[in-house]
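Notes for the one structure printed next.
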Amino acid sequence: MRALASRRALAWRVFATNALVLVTVSVFLVFSPATISAPVAASELLVLVGAVTVILIVNLLLLERAFAPLDELRGLMQRVDPLEPGTRIELRRADADVAALADAFNRMLDRLETERRESARRALAAQETERLRIARELHDELGQVLTGVLLLLDAAGRAPASEVDEVLVEGREAVRATLEDVRRIVRDLRPEALDDLGLVSALQALGAGFTRQTSVALELELPDAIDGLSAEQELVLYRVVQEALTNVARHAGASRATLRVLRASGEVRVRVTDDGRGFGGPAPGDGGLRGMRERALMVRGAVEIASRPGRGTEVGLRLPVEEP
Ligand SMILES: Nc1ncnc2c1ncn2[C@@H]1O[C@H](COP(=O)(O)OP(=O)(O)OP(=O)(O)O)[C@@H](O)[C@H]1O
Ligand SMILES: [Mg+2]
Numbered sequence: 236m237r238a239l240a241s242r243r244a245l246a247w248r249v250f251a252t253n254a255l256v257l258v259t260v261s262v263f264l265v266f267s268p269a270t271i272s273a274p275v276a277a278s279e280l281l282v283l284v285g286a287v288t289v290i291l292i293v294n295l296l297l298l299e300r301a302f303a304p305l306d307e308l309r310g311l312m313q314r315v316d317p318l319e320p321g322t323r324i325e326l327r328r329a330d331a332d333v334a335a336l337a338d339a340f341n342r343m344l345d346r347l348e349t350e351r352r353e354s355a356r357r358a359l360a361a362q363e364t365e366r367l368r369i370a371r372e373l374h375d376e377l378g379q380v381l382t383g384v385l386l387l388l389d390a391a392g393r394a395p396a397s398e399v400d401e402v403l404v405e406g407r408e409a410v411r412a413t414l415e416d417v418r419r420i421v422r423d424l425r426p427e428a429l430d431d432l433g434l435v436s437a438l439q440a441l442g443a444g445f446t447r448q449t450s451v452a453l454e455l456e457l458p459d460a461i462d463g464l465s466a467e468q469e470l471v472l473y474r475v476v477q478e479a480l481t482n483v484a485r486h487a488g489a490s491r492a493t494l495r496v497l498r499a500s501g502e503v504r505v506r507v508t509d510d511g512r513g514f515g516g517p518a519p520g521d522g523g524l525r526g527m528r529e530r531a532l533m534v535r536g537a538v539e540i541a542s543r544p545g546r547g548t549e550v551g552l553r554l555p556v557e558e559p
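FYI, in the numbering used here the residues of the sequence shown are 236 to 559.
Written as structure tokens, this is what we have:
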């Protein structure tokens, strides 16, 4: 009985409260001289109504006491501020049920805070890696060529008139190559096709690039237009497909791959599949697969990855769409 009581403390309290009221009333009736005639007299009815009212009020007061810890818990839960991590619920007095609820809530806060800290750390690290990469590209490619152009211009200044043309041609060539580099760096930062041509054409361009660079036969199935997505969602979709195709090229050893985008009711569904070597278990580390999930989460989307050794890989993305 005690085990039952402590396991279901709240229910037990309610039962005990009601039992107390009922037993008290029964004992009172047994020993009181009060009688009820049939049919009931008006004065008796008055006493009866009064007694029932008193019983109900006492019951209500006792039940309110029994449920007070739940109210306290709700109040404390509402006061937890996500901007002040580390706050935990502490109950002054608690039944087993309510203490278990508070405990579960506290553990959920632990998990959320850890995940939030981790994802902020990863976002910072990713940002830093990206900056380093851009800095290196700017330094190695633009810096080198521009220094070369500067030297050429100096040389042109000193060169005899008959050689100036030649030096300038060389300089123009170097600047043209640098412009190409700038375009590529910008394209990597934000795929311009996305802004200029729209998502479908950008995906077609991605597919064409994949086909040029690999020997995998890619089957594209794209709608004429994919509307309803925000600019951020379009970028996430593009990046997820880009990462999935890059993985196919790098890891799958596949002979065929497909990219399908489907506009379903209330959502856009994307699927990238390959018939390559696949992989078992969860993908390790902070790699592209994890990045996909995080990007998708930021725009309320979800990524599903299904893969088995020898059975190919399927990456799915769903993005919710506001219906017009
Ligand atoms: N399509 C695929 N076919 C076979 N294996 C895959 C495929 N996609 C991912 N994998 C496996 O899962 C691992 C994790 O992939 P993930 O994209 O997270 O990292 P990565 O490609 O190795 O590195 P990164 O994407 O950060 O450059 C890969 O190393 C590979 O072993
Ligand atoms: Mg990858």
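C-beta: ideal position from N, C-alpha, C; glycine also.
The beta carbon of Arg546 sits closer than 6 Å to the beta carbons of Gly513 from its chain, once the five residues preceding and following it are set aside; these are given in chain order.
The closest heavy atom of ligand 1 lies less than 7 Å from the beta carbon of Thr548. Judged by their CB atoms, Leu438 and Thr446 are not nearer to each other than the 8 Å cut-off.
With a cut-off of 7 Å, the C-beta of Glu529 is classified as distant from ligand 2, since no heavy atom of the ligand falls inside that distance. Nearest to Leu552 by C-alpha distance, out of Gly522, Ser542, Arg314 and Leu497, is Leu497. With a cutoff of 7 Å, Asp400 does not count as near ligand 1, since its C-beta is closer than that to no heavy atom of the ligand. A contact between stretches requires three or more CB pairs, one per stretch, nearer than 8 Å, and the region 243-262 meets this requirement with the region 298-309. In this structure, Val380 is the residue among Leu434, Val380 and Leu344 with its C-alpha nearest to the C-alpha of Val410. For Val550, the secondary structure class from DSSP, reduced to helix, strand or coil, is strand.
Sequence-distant Cβ neighbours of Thr548 in its own chain, meaning closer than 6 Å and more than five residues away, are Asp509, Gly513 and Ser542. Secondary-structure assignment with DSSP links Thr508 through a beta bridge to Thr493 and Glu549. Relative to ligand 1, Val421 has its C-beta separated by 7 Å or more from all heavy atoms. Closest by C-alpha distance to Ala303, out of Ala286, Gly285 and Ala334, is Ala334.
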